[in-house]
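Visitor:
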Amino acid sequence: MADGAFKAAVVGPTRVGKTSLLTAVFTETQDRLGGTELNIELDERTERLVHQHQIEQRAVLEQTEFNGAVLAGTQNIEMHGITLRSLNEESLAIPFDVLDFPGKWLDPEERRQARLADGRWTLCERHIRESMLLLVPIDAAVLMEAVTNEQKLSSYRRLGIVHVENMVRLWARSRNMADHQQEPATLMLVPVKCEKYLGVNQRPGADPDALRARVRDMYGRVLTVVANEARHRRIDVLYNPVDTFGCVELVEGHWVKADADDGEGAALALSPRYRLIGKKPEIRVTGASAIMRELAGAVLAGRAALEAEAERISVEEQAKLLARRAEAKGFWGTLVFRFGGELSENKASYHHATQAEARARRNRAQLDADMKKLVDNADTSRSENWTVMS
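Position one of the sequence shown corresponds to residue 3 (the numbering used here), numbered consecutively onward.
Below, the structure written as structure tokens:
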């Protein structure tokens, strides 16, 4: 964990593709940073995980048929450190801590059986409450291939929708507390492995409207929960489907009898069969950079708000304000920790700034400019704002 990092969390069931989504965010963001002076870095543990996942992905591409089961899921709490860092000035960095945890822990009974009373779940809950972005990955195949009533019930349970709803309520209620009302709050519903349904490979039968409608239907209560909890503030809800591979297409999905000990409580499990597209398949991530866009955009907006406020108030008031916000170490406290020093420079001292201070300001301006390029260059063509005001 980075000291003074901005927080986000991933909430989804087991085997939904959370690690694949994280890898997709890193991969596409790296591409979108071309032409800037920013680099995206991973902490040592996350870098090993992502690189191993990339190796496994590429090994899969050497096969004639895609088998997603070989990609390992999360078994422990993972705090993924992702940092946007200036190549000009390494001390200028914007770190994010993204929480991932075993999907089965969403179930209170699973948590009791795992004996999480040692504080691991308390850590997860605290991080979720303090996150400015909450990601809910959704297995598009499990969602869309359920036709019979039994399949739909199994789909509902395997997606952990009730448990996800409870986590969203905890998060949204925390975002509505007085200490967090002025902080960013965005919920992103992120269907993954969507190639078949979005018509990426120009195959017949693709129906983006059907995917959108099914997500709205199955996660309708989640939208209602957010609207009900956002009594004194705005909480944004975004729909953002992602192609985590781009070169993979679902051929068929058979529902088979589930193992009795799979922990999902579902009678059936989807056994999908995918195929690779093209003579030489290559991974083509689409839509994942919109996630980093939300994180970077929130930081940019927060910095602009702090600077605008600093222009309106006295130096003494600035110092008191920064001290109060730094104590909380929430979103605003993190901003102060990272960038607050520049706000303590009043207009008189600005004219007598040293060359080092001037250079620091130029570097900060370059960081802002590059962050804005990332925000502007992100692929948001699939993003839809589903915010419902209470």
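A virtual CB, placed ideally from N, CA and C, is assigned to each residue, including glycine.
Grouping DSSP H, G and I as helix and E and B as strand, with all else coil, what is F8?
Guide: Numbered from its first residue, the sequence shown carries residue 8 at position 6. F8 falls in the strand class under three-state DSSP.
Visitor: Could you work out which residue in Q115, V244 and I237 is closest to L24 when comparing CA atoms only?
Guide: Within the sequence shown, numbered from 1, the residue matching residue 24 stands at position 22. It is V244 whose Cα lies nearest to the Cα of L24.
Visitor: Beta-carbon within less than 8 angstroms of A271's beta-carbon, same chain only, minus the 5 sequence neighbours each way: which residues are those?
Guide: By 1-based counting over the sequence shown, the position of residue 271 is 269. Once the five neighbours on either side are set aside, the close Cβ partners of A271 are S156, R160, W257, V258, K259, A260, D261 and D264.
Visitor: Would you report the Cα separation of K195 and G121, rounded to the nearest angstrom?
Guide: As a position in the sequence shown, residue 195 is number 193, starting the count at 1. As a position in the sequence shown, residue 121 is number 119, starting the count at 1. If you take the alpha carbons of K195 and G121, they lie about 34 angstroms apart.
Visitor: One question on the structure: do Y221 and I140 come within less than 9 angstroms of each other, judged by their Cβ atoms?
Guide: On the sequence shown, residue 221 is found 219 positions in, with the first residue counted as 1. On the sequence shown, residue 140 is found 138 positions in, with the first residue counted as 1. Their beta carbons are under 9 angstroms apart, which means Y221 touches I140 by this criterion.
Visitor: With the cut-off set at 9 angstroms, would you say L213 and E251 are in Cβ contact?
Guide: By one-based count along the sequence shown, residue 213 stands at place 211. By one-based count along the sequence shown, residue 251 stands at place 249. No; because the gap between Cβ atoms is not below 9 angstroms, this pair is not in contact.
Visitor: Which runs of the alpha helix (DSSP H) fall wholly inside the region 205-274 and span at least 4 residues, in chain order?
Guide: 210-220 and 222-231
Visitor: Which residues does DSSP pair with S93 in a beta bridge?
Guide: Residue 93 sits at position 91 when you count from the first residue of the sequence shown. Per DSSP, none; premise fails for S93.
Visitor: For A143 versus G83, is the C-beta distance shorter than 9 angstroms?
Guide: Taking the sequence shown and counting its residues from 1, the one referred to as residue 143 is at position 141. Taking the sequence shown and counting its residues from 1, the one referred to as residue 83 is at position 81. For A143 and G83, no; Cβs fall outside 9 angstroms.
Visitor: Taking C-alpha atoms, which residue in M81, R87, Q115 and I96 lies nearest to D102?
Guide: Translated into the one-based positions of the sequence shown, residue 102 becomes position 100. It is M81 whose Cα lies nearest to the Cα of D102.
Visitor: Evaluate S383 with the Cβ neighbour count: other Cβ atoms within 10 Å of its Cβ, from every protein chain shown; 16 or more gives buried, anything less gives exposed.
Guide: On the sequence shown, residue 383 is found 381 positions in, with the first residue counted as 1. With fewer than 16 other CB atoms across the displayed protein chains lying within 10 angstroms of its CB, S383 is exposed.
Visitor: Using the Cβ count rule (16 or more neighbours within 10 Å means buried), how would you classify T16?
Guide: Within the sequence shown, numbered from 1, the residue matching residue 16 stands at position 14. Its Cβ being crowded by 16 or more others within 10 Å, T16 is buried.
Visitor: Does the Cβ of M179 have 16 or more other Cβ atoms within 10 Å, making it buried, or fewer, making it exposed?
Guide: Start at 1 with the first residue of the sequence shown, and residue 179 comes out as number 177. By the beta-carbon neighbour count (other beta carbons within 10 angstroms, threshold 16), M179 is exposed.
Visitor: Could you name the residues that DSSP lists as bridge partners for T188?
Guide: Numbered from its first residue, the sequence shown carries residue 188 at position 186. L135 and D238, per the DSSP bridge assignment.
Visitor: To which residues of the same chain is D238 closer than 8 angstroms at the C-beta, ignoring the five residues directly before and after it?
Guide: Along the sequence shown, read from residue 1 onward, the residue named residue 238 stands at position 236. For D238, where only same-chain residues beyond five positions count, the Cβ hits under 8 angstroms are A187, T188, L189, N387 and T389.
Visitor: Using the beta-carbon count (16 or more within 10 Å), is V164 buried or exposed?
Guide: Position 162 of the sequence shown holds residue 164. By the 10 Å Cβ count, V164 comes out exposed.
Visitor: Give the range of the beta strand (DSSP E) segment to which I42 is assigned.
Guide: One-based indexing of the sequence shown puts residue 42 at position 40. From DSSP, the beta strand (DSSP E) with I42 extends over L40 to L44.
Visitor: D99 to K9, Cα distance in whole Å?
Guide: The residue labelled residue 99 in the question sits at position 97 within the sequence shown. The residue labelled residue 9 in the question sits at position 7 within the sequence shown. Approximately 5 angstroms between the Cα atoms of the pair.
Visitor: For V217, which residues from the same chain have a beta carbon less than 8 angstroms from its beta carbon, with the 5 sequence-adjacent residues on both sides left out?
Guide: What you label residue 217 is simply residue 215 of the sequence shown in a count that begins at 1. Cβ within range, chain order: I140, L145, L191, P193 and Y241.
Visitor: So, using beta-carbon positions, are V228 and V170 closer together than 9 angstroms?
Guide: Counting from one through the sequence shown, the residue named residue 228 turns up at place 226. Counting from one through the sequence shown, the residue named residue 170 turns up at place 168. A contact, by the Cβ cut-off of 9 angstroms.
Visitor: Taking the Cβ atom as the reference point for each residue, do L40 and E296 lie within a distance shorter than 9 angstroms?
Guide: As a position in the sequence shown, residue 40 is number 38, starting the count at 1. As a position in the sequence shown, residue 296 is number 294, starting the count at 1. Not closer than 9 angstroms, so no.
Visitor: From which residue to which residue does the beta strand (DSSP E) around S88 run?
Guide: Within the sequence shown, the letter at position 86 stands for residue 88. Per DSSP, the continuous beta strand (DSSP E) segment holding S88 begins and ends at E80 to S88.
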